[in-house]
Amino acid sequence: MTGSSTFRFASASGSEPGALANDLAAGLAVGESGQRPGAMVGLLYLSDSMARHGAELLDALRAATGVWMWTGCVGMALIGGRDEFYETPAAVAMVGELDADDFRLIRGPVESFEALREQLSGFMEPDQAGRLILHADPGFVGLEEMLTRIDRETAWFTTGGVSSGQAEVVQFAGAVLSGGVSGLALREHVPLAARHTQGCSPLSGQYRLSETWRNIIVKLDERPALTVFREVIGDVLARDLRRALGYIHIGLPISGSDTGDYRVRNIIGIDLDRDLLAVGEMLEQGQHILFVRRDGQAAREDLERMVAEIRARAPNGIRGALYVSCLGRGRHQFGDEGTEVRIVQDALGNVPLVGFFANGEIFANRLYGYTGVLTLFT
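Quick note: the sequence shown uses our numbering, first residue 427, plus one each step.
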């Protein structure tokens, strides 16, 4: 399956790496329309069940396409075109033609901000605006610190996601690797647009953490945390708190955001005897939180809003797209398989699109959850 004259995508299913690579290569049809393999870069995403065959697949794909530079990772579910691939060995790939001086592979595994700076030295200095598409290992504990330093100490803008898998988890960045981060760095004048959707609707009010312990909320605005929670969610949900935890989450407002942006974290436990809430994030006394509702309707509405906004930022067309969505989204939030990505494609106009379902999503130098991150080559 092909897209525009400079970006193409393909998807294929199967458990034999050579055949999978050949099917991808046939769909990508690199070499047609006068494309120059020396200026091509590829995005490759592979089902986690095939991770052990990653090196064999990469070698076969290079041989079949002539494209040498690939970046990507494995995922428990993949996105290709208008399809989502679950519980099946599969791969999706997209190739794009860029000026060879405008991109550089981040070969990894990069495990510190200093190491990232060193890799990009001479290509993109911290005070130079640029874009990073990062793939991270789920076991890399330094990811949030690295993103924070990127945000504070550079002019770079980062999107991407954390790879996902039940067993072996690998990344692609010139070779097959694991740990840290890898990806793609792009100079400022490579035209991109990026947006994210949180799939949630904020409930009324923000509340100050007046007493906390680690990830435990003791008091909100000097009142017992569970008392405030019951009031916010209303009488119906308050009668069944276990059910409420499937819909209601904590939002952590992002300082300096002029769009009311926040990061979503789970409420992982309730202590009825002491009126406590436990959250999937270490907290700081004095910070503010909000409660958000997460369900299929809220997710659809927010996704449609986001895609309309980003489409308006690409009046001259879209060459290709990368969509990284949370493992908790897709069929789990939108119902049928493929519903989420078809909403995206219907709005964009069936552009070449690949991606994966992640253990965490990266947008604007921050790590999110329950989020869909869309990056367009415009």
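From the three backbone atoms N, C-alpha and C, an ideal C-beta is built for every residue, glycine too. Please read these numbers as outputs of a predicted model, since none were measured by experiment.
Residues Glu594 of the same chain have their beta carbon placed closer than 7 Å to that of Arg478, with the five preceding and five following residues left out of the count.
By the Cβ neighbour-count rule, Leu698 is exposed, with fewer than 16 other Cβ atoms within 10 Å of its own.
In this structure, the straight-line span from the alpha carbon of Val456 to that of Ala465 is close to 11 Å.
Annotation: Phe539 is outside any beta strand (DSSP E); the continuous alpha helix (DSSP H) that includes it extends over 539-546. Proximity of the stretch 510-524 to the stretch 761-773 meets the contact definition, three or more beta-carbon pairs being nearer than 8 Å. Around the beta-carbon of Pro741, fewer than 16 other beta-carbon atoms lie within 10 Å, marking it exposed. Taking Arg668 as reference, the option from Gly677, Ile693, Ile680 with the minimal CA-CA separation is Ile693. In the DSSP assignment, the residues bridged to Ile643 are Thr638, Leu703. Using a Cβ distance threshold of 7 Å, Ser608 and Gln592 do not count as a contacting pair. The shortest CA-to-CA distance from Arg621 to any of Ala601, Arg739, Arg530 is the one to Arg739.
Taking the Cα positions, Glu551 is about 7 Å away from Arg543. Our two residues, Leu753 and Gly506, have alpha carbons roughly 16 Å apart in a direct line.
Residue environment: Asp449 is assigned as buried (16 or more neighbouring CB atoms within 10 Å of its CB, all protein chains considered). Sequence-distant Cβ neighbours of Ile642 in its own chain, meaning closer than 6 Å and more than five residues away, are Leu702, Ala704.
Buried is the label assigned to Ala670, since at least 16 other Cβ atoms lie within 10 Å of its Cβ. When C-alpha distances from Thr804 are compared across Leu484, Val567, Ile736, Thr497, the shortest belongs to Ile736. Shortest Cα-Cα distance from Phe549 to any of Leu603, Ile659, Glu614 involves Glu614.
Every beta strand (DSSP E) of 3 residues or more that sits fully in the stretch 551-587 is shown, in chain order, as 556-562.
DSSP lists Val718 as the beta-bridge partner residues of Pro628. A residue is called buried once 16 or more other Cβ atoms fall within 10 Å of its Cβ, and Met708, having fewer, is exposed.
Contact check for Val733 and Glu787: beta-carbon distance about 16 Å, past the 8 Å limit, so the pair fails to qualify. Exclusion of the five residues before and after Asp563 leaves Pro535, Val588, Ser589, Val595, Gln597, Ser604, Gly605, Gly606, Val607 as the residues of its chain whose Cβ lies within less than 8 Å of its Cβ. For Gly609, DSSP records a beta bridge to Ile532, Leu560. Judged by DSSP secondary structure, Asp687 falls outside any beta strand (DSSP E); it is assigned neither H nor E. Contact annotation: the stretch 511-525 does not touch the stretch 553-560, with fewer than three C-beta pairs closer than 8 Å. In the structure shown, Val596 adopts coil according to DSSP, grouped into three states. Note on the stretch 706-789: whole alpha helix (DSSP H) runs with a minimum of 4 residues are 722-738, 757-760, 765-774, in chain order. The beta carbon of Arg726 sits closer than 8 Å to those of Phe760, Ile769, all from its chain and outside the five residues before and after it, given in chain order.
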